[in-house]
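Residue numbers (this note's numbering): 30 to 241.
The C-beta atom is built at its ideal place from N, Cα and C for all residues, glycine as well.
Encoded structure:
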């Protein structure tokens, strides 16, 4: 399922839980293919995917990788985006877990809700409670940095993950204004998004089938 010499990444034509891996793949400089599919294609594709779940990555050697954070860490290591120092690597892990487990899960609790009333309540909860909580945490990380990066003096997968989530949440009309109270967070995310290879990816990124 992987073209010779390339990493082949399978995920919906959406951002969601799989987009940060695309940012890391782009920044890594590794050769990769972005295999997107629509929701109606999933039932046909699903039986061909080990574990019947995505995100899913096939390496050039043919290894089949699952679980989003594990895939991201693997690619980041291959691309030199994980610090060699154990403590610095731990700090990256902690940042990614905070954003992709705690923060992301706070969003997906209400994004799939179909009832307008339930969604409105979820947006209100994010804007008044969860958003300030998590943006406040990120704001502290950014302000504590002396290098412009969250860990160490060069870009890591932690920077990419945080910037990706801030970028994605900024595309949701009902909650994007909650970022306005944190200009340093927005500026950090924009700077990472404008870094060479990430910027190249974002210029050609499809809109996606979901709002998030």
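Write down the C-beta distance between residue i and residue j rounded to the nearest angstrom, noting that I regard them as a contact closer than 8 angstroms.
| i | j | result |
| --- | --- | --- |
| residue 152 | residue 78 | Not a contact, Cβ separation roughly 32 angstroms. |
| residue 59 | residue 111 | In fact, because the Cβ distance is near 13 angstroms, the residues do not count as touching under 8 angstroms. |
| residue 36 | residue 88 | 6 angstroms |
| residue 66 | residue 49 | Between residue 49 and residue 66 the Cβ distance is about 18 angstroms, and since that is not below 8 angstroms, they are no contact. |
| residue 109 | residue 95 | So it is not a contact: roughly 23 angstroms between Cβ atoms. |
| residue 38 | residue 71 | About 15 angstroms separates the two Cβ atoms, so there is no contact after all. |
| residue 196 | residue 222 | 6 angstroms |
| residue 101 | residue 53 | 5 angstroms |
| residue 230 | residue 123 | About 26 angstroms separates the two Cβ atoms, so there is no contact after all. |
| residue 51 | residue 63 | 6 angstroms |
CA-CA distance, residue i and residue j?
| i | j | result |
| --- | --- | --- |
| residue 182 | residue 76 | 43 angstroms |
| residue 164 | residue 228 | 23 angstroms |
| residue 169 | residue 180 | 13 angstroms |
| residue 156 | residue 34 | 44 angstroms |
| residue 106 | residue 57 | 9 angstroms |
| residue 146 | residue 137 | 16 angstroms |
| residue 232 | residue 218 | 16 angstroms |
| residue 134 | residue 90 | 33 angstroms |
| residue 141 | residue 224 | 32 angstroms |
| residue 211 | residue 149 | 23 angstroms |
| residue 174 | residue 69 | 44 angstroms |
Please state whether DSSP places residue i in a helix, a strand or coil.
| i | result |
| --- | --- |
| residue 158 | helix |
| residue 62 | strand |
| residue 223 | coil |
| residue 198 | helix |
| residue 180 | coil |
| residue 46 | helix |
| residue 83 | coil |
| residue 73 | helix |
| residue 190 | helix |
| residue 152 | helix |
| residue 138 | coil |
| residue 209 | coil |
Keeping to the same chain, check which residues put their C-beta closer than 6 angstroms to that of residue i; ignore five residues upstream and five downstream.
| i | result |
| --- | --- |
| residue 46 | 97 |
| residue 120 | 180 |
For residue i, write down the residues that DSSP places opposite it in a beta bridge.
| i | result |
| --- | --- |
| residue 119 | In DSSP, residue 119 forms no bridge with anything. |
| residue 37 | 62, 87 |
| residue 95 | 85 |
Using a Cβ-Cβ cut-off of 8 angstroms (strictly less than) and excluding sequence neighbours within five positions of residue i, which residues of its own chain qualify?
| i | result |
| --- | --- |
| residue 214 | 164, 167, 168, 171, 195, 208 |
| residue 238 | 41, 42, 43, 67, 68 |
| residue 83 | 39, 40, 41, 47 |
In its own chain, which residues sit with a C-beta less than 7 angstroms from the C-beta of residue i, not counting the 5 before and 5 after it?
| i | result |
| --- | --- |
| residue 127 | 166 |
| residue 118 | 111, 112 |
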